[in-house]
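Q: Going down the list, the protein sequences come from chains A and B. So for the first sequence, UniProt numbering puts the first residue at 1; every next one is plus one. So for the second sequence, UniProt numbering puts the first residue at 1; every next one is plus one. For each residue, glycine too, the CB sits at the ideal point set by N, CA and C. The structure displayed is predicted, hence computed values, not measured ones.
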Amino acid sequence: MVDYPGAANPPFRLSMLIYDRRYRSLTIQAVVFILVMLFASWLIDNTLKNLAIMGKTLSFDFLFRRAGYDIPQQLIPYNSDDTHLRATTVGLLNTLQVAILGCISATIVGVIVGVLRLSSNWLIARLMTVYVEIFRNIPLLLWILVILAIFTEVMPAPNAYRGENPAASMIMFDMIAPTNRYTAVPSIGMSNPPGVIAIGREGISWAFIAYVTVLLLAYLGHRFLKERAQRIQDETGNRPTTWWIILAMYVLPVLFLTWYFGLHLIPPVLRGFNFAEGTNLDNAFVVLWLALTLYTGAFIAEIVRAGILAVSKGQSEAAFALGLRPRRTMRLVVLPQALRVIIPPLISQYLNLTKNSSLAIAVGFMDLRGTLGGTTLNQTGREMECMVLMMGIYLVLCLVISAGMNVFNNSVRLKER
Amino acid sequence: MKKSALFGSVTVFALAASGAMAAEGDTLKEVKARGVLNCGVNTGLVGFAAPDANGNWTGFDVAYCKALAAAVLGDATKVKYVPTTGQTRFTALSSGEIDVLARNSTWTFQRDTDLKLDFVGVNYYDGQGFMVRKDLGVSSAKELDGATICIQTGTTTELNLADYFKANNMTYQPVNIDSNAEGEQQYMAGACDAYTTDASGLAATRAAFADPENHIILPEIISKEPLGPAVRHGDNNWGDIARWTLFALVAAEEYGVTSANIDELSKSSQNPEVQRLLGTSDDLGKMMGLDAEWAKRAIKVQGNYGEIFAATIGEQTPIGLARGLNAQWTQGGLLYAIPFR
Numbered sequence: 001m002v003d004y005p006g007a008a009n010p011p012f013r014l015s016m017l018i019y020d021r022r023y024r025s026l027t028i029q030a031v032v033f034i035l036v037m038l039f040a041s042w043l044i045d046n047t048l049k050n051l052a053i054m055g056k057t058l059s060f061d062f063l064f065r066r067a068g069y070d071i072p073q074q075l076i077p078y079n080s081d082d083t084h085l086r087a088t089t090v091g092l093l094n095t096l097q098v099a100i101l102g103c104i105s106a107t108i109v110g111v112i113v114g115v116l117r118l119s120s121n122w123l124i125a126r127l128m129t130v131y132v133e134i135f136r137n138i139p140l141l142l143w144i145l146v147i148l149a150i151f152t153e154v155m156p157a158p159n160a161y162r163g164e165n166p167a168a169s170m171i172m173f174d175m176i177a178p179t180n181r182y183t184a185v186p187s188i189g190m191s192n193p194p195g196v197i198a199i200g201r202e203g204i205s206w207a208f209i210a211y212v213t214v215l216l217l218a219y220l221g222h223r224f225l226k227e228r229a230q231r232i233q234d235e236t237g238n239r240p241t242t243w244w245i246i247l248a249m250y251v252l253p254v255l256f257l258t259w260y261f262g263l264h265l266i267p268p269v270l271r272g273f274n275f276a277e278g279t280n281l282d283n284a285f286v287v288l289w290l291a292l293t294l295y296t297g298a299f300i301a302e303i304v305r306a307g308i309l310a311v312s313k314g315q316s317e318a319a320f321a322l323g324l325r326p327r328r329t330m331r332l333v334v335l336p337q338a339l340r341v342i343i344p345p346l347i348s349q350y351l352n353l354t355k356n357s358s359l360a361i362a363v364g365f366m367d368l369r370g371t372l373g374g375t376t377l378n379q380t381g382r383e384m385e386c387m388v389l390m391m392g393i394y395l396v397l398c399l400v401i402s403a404g405m406n407v408f409n410n411s412v413r414l415k416e417r
Numbered sequence: 001m002k003k004s005a006l007f008g009s010v011t012v013f014a015l016a017a018s019g020a021m022a023a024e025g026d027t028l029k030e031v032k033a034r035g036v037l038n039c040g041v042n043t044g045l046v047g048f049a050a051p052d053a054n055g056n057w058t059g060f061d062v063a064y065c066k067a068l069a070a071a072v073l074g075d076a077t078k079v080k081y082v083p084t085t086g087q088t089r090f091t092a093l094s095s096g097e098i099d100v101l102a103r104n105s106t107w108t109f110q111r112d113t114d115l116k117l118d119f120v121g122v123n124y125y126d127g128q129g130f131m132v133r134k135d136l137g138v139s140s141a142k143e144l145d146g147a148t149i150c151i152q153t154g155t156t157t158e159l160n161l162a163d164y165f166k167a168n169n170m171t172y173q174p175v176n177i178d179s180n181a182e183g184e185q186q187y188m189a190g191a192c193d194a195y196t197t198d199a200s201g202l203a204a205t206r207a208a209f210a211d212p213e214n215h216i217i218l219p220e221i222i223s224k225e226p227l228g229p230a231v232r233h234g235d236n237n238w239g240d241i242a243r244w245t246l247f248a249l250v251a252a253e254e255y256g257v258t259s260a261n262i263d264e265l266s267k268s269s270q271n272p273e274v275q276r277l278l279g280t281s282d283d284l285g286k287m288m289g290l291d292a293e294w295a296k297r298a299i300k301v302q303g304n305y306g307e308i309f310a311a312t313i314g315e316q317t318p319i320g321l322a323r324g325l326n327a328q329w330t331q332g333g334l335l336y337a338i339p340f341r
């Protein structure tokens, strides 16, 4: 090797930033970074300048002023005297409600349809294909509006239930009254109600806590019994029968609590303009939920189908060869491997559903977009603040969902040893 | 060390770059350069602003847009109508998408100050009412306890409704809707017992029904709703133009200037007030950057305030609104044009 002075440590020259491979990529990265930062700061600065020209300042004080408007759907107590912050919270909870329930139901629909689409039954498989293609290829907003139109135009008004010879009659033993505003269902009453723990203006009934505790205990017992059965099976080869004990553990305490609290159904009664006594399930919510479920369900069905098809046929054949029955093959061999393919695209479907729920405004469901990004924005005129806040909340919400799903994904993915 | 230098350069560059960017607020110049007036109107409220069968916008608010375009650009057809909902209207105005908002918008303290708008006057004195089906058997808003009520979101009516029911210790279930058309559909389907908005809007909505005789507007007027055109806060000259165009229409009615006699009056009228209004004497238009005949052109488009009212929402039209509070002050109403002097 020829040795010449300066070869190991050449003096640094500026031109080396471009011509020397060791520095070139760093230079490019630095330039791109500066350009991106410049663009971002230009945007922010421009925004602040234009706000200043309009005489507006960035301030979130409005959140603590009286909201003054009413919200039809509320999970926590709210009235028009509350602040915009509480209105925003009500909206956020509505968003969460429809997003969570939507994700659950869309997954159920998606899994069923996805599996059925692979069915050997020609008719069922084709029907599922039709469902998937129809819902996947028509914009969600149209589905929401179509379902809303069906609900408002086809269902009777509450008035139709009135009188000696009403035009409409309640269904399910006079318990449920579908109307074009809401579906009136029975509410649950207690003739021997326990106390309520007050948390602020909300309260949690002791009855609820009692039920949760009982079910939790039953679940622990269930797990213990299962482990014990497994142990006995491992030792003796005979698995003791446990199903009736498990069933009793769940059912008996629940029945006892129900009897103790005197739980009963209060059927809805038409009083004045509307049904009272029972619970009124708002059509706006039902329509949005249904539309989100059916729309996202179609996408999930395709993901599930792809996941199942991705598991090589040799896997199930090998399982059959080992003597596993088809159900166990599906549960123990195919599904765990399919999940690895299903979960990542499923996460983005959940995120889509959550974001799509902001179409709620089309049916007058007051979600985050309807409260903070709708009425609050409009009444206070704080467009910038409301938009920034709303985008921030959606961002955090989606990141949380995605983080949670990633944890789940890690637990099912291929463990390399 | 390297990092701080980097951020330092970023800051400097940012300051330099942003110096070049500044929004200017001369709406008159912008409109003249563009050659078209962007006028924010309702998405469709018959009588006030709605496209007719040929797609031409007509109505009470549209007439104001036309008058303003005639005053500024000399051509009443040079208007781009931007339909806005209760939710989008103020954002559209403050973002500069529209030059003036003529969309049954209520003048309130908070909108005038906090929302940085300038209401240039009142072109319709209104109040909030309720419409119900006749067969509901309701004759007063006080009987609406427990009712389901359709309400446009983002409006003052939404706040009035909450206040009214609270003050009267009644409950209601709101159904939030986005536009008048949606409200009409929900109300007709019976998804709400009552529809509430400004009484003029109710009359206009009812006029478009197939069976207007089966619906009544309840006698209670639960709020004051002074409706008027609005401009952005800060451009005073443009605000002046918008304000005095409105006053010109009102003053024209007071002085008996109509679309029919305006040409004749501008030549022959001996009334100094009329002469100033029509630009025969004193060049008032110049004081706000327009020519002498700006008001004459504005009035000529669809006539004075009274003519516009009669042609779009008056008693001879299907909407059938009486002048009421919107009569001239000389007739016992509230319309009072500030002197042209």
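Going straight from the alpha carbon of B:E225 to that of A:P178, what length do you get?
A: Cα-Cα distance, rounded: 37 Å.
Q: Using the rule of at least 16 other Cβ atoms within 10 Å of the residue's Cβ for burial, across every protein chain shown, is A:T27 buried or exposed?
A: With fewer than 16 Cβ atoms within 10 Å of its Cβ, A:T27 is classed as exposed.
Q: Can you look up B:P83 in the DSSP assignment and give me helix, strand or coil?
A: In this structure, B:P83 counts as strand in the three-state DSSP scheme.
Q: Since B:N236 is in the alpha helix (DSSP H), which residue starts that stretch and which ends it?
A: Where B:N236 is concerned, the enclosing alpha helix (DSSP H) stretches over N236 to E254.
Q: Give a yes or no on contact between the region 152-163 of chain B and the region 229-237 of chain B, applying the rule of three or more CB pairs nearer than 8 Å.
A: No, the region 152-163 of chain B is not in contact with the region 229-237 of chain B.
Q: Is it buried or exposed, A:V113, if we count other Cβ atoms within 10 angstroms and call 16 or more buried?
A: The residue in question, A:V113, is buried, as its Cβ has 16 or more Cβ neighbours within 10 Å.
Q: By how many angstroms is the C-alpha of A:V269 removed from the C-alpha of A:M175?
A: Distance between the alpha carbons of A:M175 and A:V269: 9 Å.
Q: Compile a chain-ordered list of the residues in the region 94-117 of chain B whose CB is closer than 9 Å to at least one CB of chain A.
A: So the close ones are S94, S95, Q110, R111, D114, L115, K116 and L117.
Q: Does B:A207 have its Cβ less than 8 Å from a Cβ in chain A?
A: Not one chain A Cβ lies under 8 Å of B:A207.
Q: Between A:N304 and A:L292, what straight-line distance do the alpha-carbon atoms span, to the nearest angstrom?
A: Before going on, a small fix: residue 304 of chain A reads as Val here, not Asn. Straight-line Cα distance between these residues: approximately 18 Å.
Q: Could you please tell me which residues of the region 58-72 of chain A, in chain order, have their CB closer than 7 Å to any CB of chain B?
A: So the list reads G68, Y69, D70 and P72, given in the order they occur along the chain.
Q: Smallest Cα separation from B:A69: which of B:T58, B:S94, B:N54 and B:V31?
A: Closest by alpha carbon: B:V31.
Q: Compute the beta-carbon to beta-carbon distance between B:G228 and B:W107, rounded to the nearest angstrom, for a pair I have assumed lies under 8 Å.
A: Contact holds; Cβ gap of about 5 Å.
Q: Mind checking which residues open and close the alpha helix (DSSP H) that includes B:S139?
A: B:S139 -> no alpha helix (DSSP H), and no H or E assigned at all.
Q: Could you work out which residues of chain A lie near B:A189, taking near to mean beta carbons separated by less than 8 Å?
A: Near B:A189 (Cβ distances below 8 Å), the residues of chain A are T152, E153, A157 and N180.
Q: Taking Cβ positions only, does A:L17 come closer than 8 Å to chain B?
A: Output row for A:L17: interface = no.
Q: Would you call the region 259-278 of chain B in contact with the region 288-302 of chain B, where contact means no fewer than 3 C-beta pairs closer than 8 Å?
A: The region 259-278 of chain B is in contact with the region 288-302 of chain B.
Q: To the nearest whole angstrom, what separates the beta carbons of A:V214 and A:V254, a pair I think is in contact under 8 Å?
A: Their Cβ separation, rounded to whole angstroms, is 6 Å, which keeps A:V214 and A:V254 in contact under 8 Å.
Q: Given a cut-off of 8 Å on the beta-carbon distance, is the pair A:G91 and A:T371 in contact?
A: Cβ atoms of A:G91 and A:T371: closer than 8 Å.
Q: In this structure, how does DSSP classify B:T58 when only helix, strand and coil are distinguished?
A: B:T58 falls in the strand class under three-state DSSP.
Q: Please list, in chain order, the chain A residues whose beta carbon lies closer than 9 Å to that of B:I177.
A: By Cβ distance, chain A contributes G364.
Q: I'd like to check one pair, A:I246 with A:L225: are the Cβ atoms closer than 8 Å?
A: Cβ atoms of A:L225 and A:I246: closer than 8 Å.
Q: Note down the Cα distance separating B:A199 from B:G127, rounded to an integer number of angstroms.
A: So the alpha carbons of these two residues sit roughly 6 Å apart.
Q: Could you tell me whether any Cβ in chain A is nearer than 8 Å to the Cβ of B:D193?
A: So, interface residue.
Q: Taking a Cβ distance cut-off of 7 Å, strictly less, list which residues of the region 231-245 of chain B are near chain A, in chain order.
A: The region 231-245 of chain B vs chain A, Cβ under 7 Å: H233 and G234.
Q: Is there a Cβ from chain B that is less than 8 Å from the Cβ of A:I144?
A: Output row for A:I144: interface = no.
Q: Taking 8 Å as the threshold (C-beta atoms), are A:L148 and A:V363 in contact?
A: Yes, the pair counts as a contact, with Cβ atoms nearer than the cut-off.
Q: Shorter than 8 Å from the beta carbon of B:G153 to some beta carbon of chain A?
A: Checking the displayed sequence, the identity of residue 153 of chain B turns out to be Thr instead of Gly. Yes, contact with chain A.
Q: Starting from A:T273, find everything on chain B with Cβ-Cβ shorter than 7 Å and list it in chain order.
A: Rather than Thr, the amino acid found at residue 273 of chain A in this sequence is Phe. Correct list: G146, A147, T148 and D193.
Q: Exposed or buried, which one is A:Y19 when buried takes at least 16 other CB atoms within 10 Å?
A: Result: exposed.
Q: Helix, strand or coil for A:E385 per DSSP?
A: Three-state DSSP puts A:E385 in a helix.
Q: What span of residues does the alpha helix (DSSP H) with A:S348 cover, start to end?
A: Counting along the chain, the alpha helix (DSSP H) containing A:S348 begins and ends at L335 to N356.
Q: Measure from the C-beta of B:M131 to each C-beta in chain A and report whether the shortest distance is under 8 Å.
A: Cβ-Cβ to chain A under 8 Å: no for B:M131.
Q: Taking the DSSP output, what are the residues bridged to A:F275?
A: A:F275 pairs with A:L270.
Q: Taking buried to mean at least 16 other C-beta atoms within 10 Å of its own C-beta, is B:A248 buried or exposed?
A: It counts as buried.
Q: Would you decide whether A:I197 is buried or exposed? Buried here means 16 or more other CB atoms lie within 10 Å of its CB.
A: A:I197 should be labelled exposed.
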